[in-house]
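Asks: Last residue of the sequence shown: number 136 in our numbering, and the count goes up by one each step with no gaps. Just so you know, even glycine gets a beta-carbon here, dropped at the ideal spot from N, CA and C. Here it is, the structure in full.
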Amino acid sequence: MTNVSLSDGEWKIMNELWEKKAATITELTAALQGKTGWDKHIIITMLNRMAKKGAVSYRIVGRAKQFYPAVSRNEVSIRETRGFLNKVYRGSIGMMVNAMVEDKALTPEDIEELYKILEQAEKKGAEAD
Numbered sequence: 008m009t010n011v012s013l014s015d016g017e018w019k020i021m022n023e024l025w026e027k028k029a030a031t032i033t034e035l036t037a038a039l040q041g042k043t044g045w046d047k048h049i050i051i052t053m054l055n056r057m058a059k060k061g062a063v064s065y066r067i068v069g070r071a072k073q074f075y076p077a078v079s080r081n082e083v084s085i086r087e088t089r090g091f092l093n094k095v096y097r098g099s100i101g102m103m104v105n106a107m108v109e110d111k112a113l114t115p116e117d118i119e120e121l122y123k124i125l126e127q128a129e130k131k132g133a134e135a136d
């Protein structure tokens, strides 16, 4: 499991890289400029920071650096989710779901999806026994 933690801005870049598999600074700037207003200098700074963290790597293609994810979306998502759960709900999934119920944030579709997830977890737990 990776120890990479991403800022909100870094998530935007990583989502582009996970989607595209790899991209140059020019390609990232074109993809993100309309959404973020970032110029290439901001993206370069962020990519350098992310490379130091181990989130991205690059290869030289022609005269450009082509950046690609060095970590999977799943690895980072699990770590971030655990951190959020521990920070906000003291690690309790039940407290988080209860807060969402109290806030009326769950749609009937969300509840149905949760039932399916829990059924799958129960089946996996029974198979492991």
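Rounded to whole angstroms, what is the Cα-Cα separation between Leu54 and Tyr75?
Replies: Residue 54 sits at position 47 when you count from the first residue of the sequence shown. Residue 75 sits at position 68 when you count from the first residue of the sequence shown. The alpha-carbon atoms of Leu54 and Tyr75 are separated by roughly 10 Å.
Asks: Decide if Ala62 is buried, meaning its Cβ has at least 16 other Cβ atoms within 10 Å, or exposed.
Replies: For the purposes of this step, residue 62 is identified with residue 55 of the sequence shown, where counting begins at 1. The residue in question, Ala62, is buried, as its Cβ has 16 or more Cβ neighbours within 10 Å.
Asks: Report back the beta-carbon spacing between Leu92 and Ile100 to the nearest angstrom; my notes put them in contact at under 8 Å.
Replies: Translated into the one-based positions of the sequence shown, residue 92 becomes position 85. Translated into the one-based positions of the sequence shown, residue 100 becomes position 93. With 8 Å as the limit, Leu92 and Ile100 qualify as a contact, their Cβ atoms being about 7 Å apart.
Asks: Measure the C-alpha to C-alpha separation of Met8 and Asn81 and round it to an integer number of angstroms.
Replies: Sequence index remark: in the sequence shown, residue 8 carries index 1 (1-based). Sequence index remark: in the sequence shown, residue 81 carries index 74 (1-based). Caution is warranted here: a pLDDT of 49 is assigned to Met8, below 50, making its placement in the model unreliable, and the coordinate value is therefore given only provisionally. Looking at the two C-alpha atoms, the distance is approximately 10 Å.
Asks: Which runs of the alpha helix (DSSP H), 4 residues or longer, sit entirely within the segment 48-111?
Replies: Fully enclosed alpha helix (DSSP H) runs of 4 or longer: 80-96 and 100-109.
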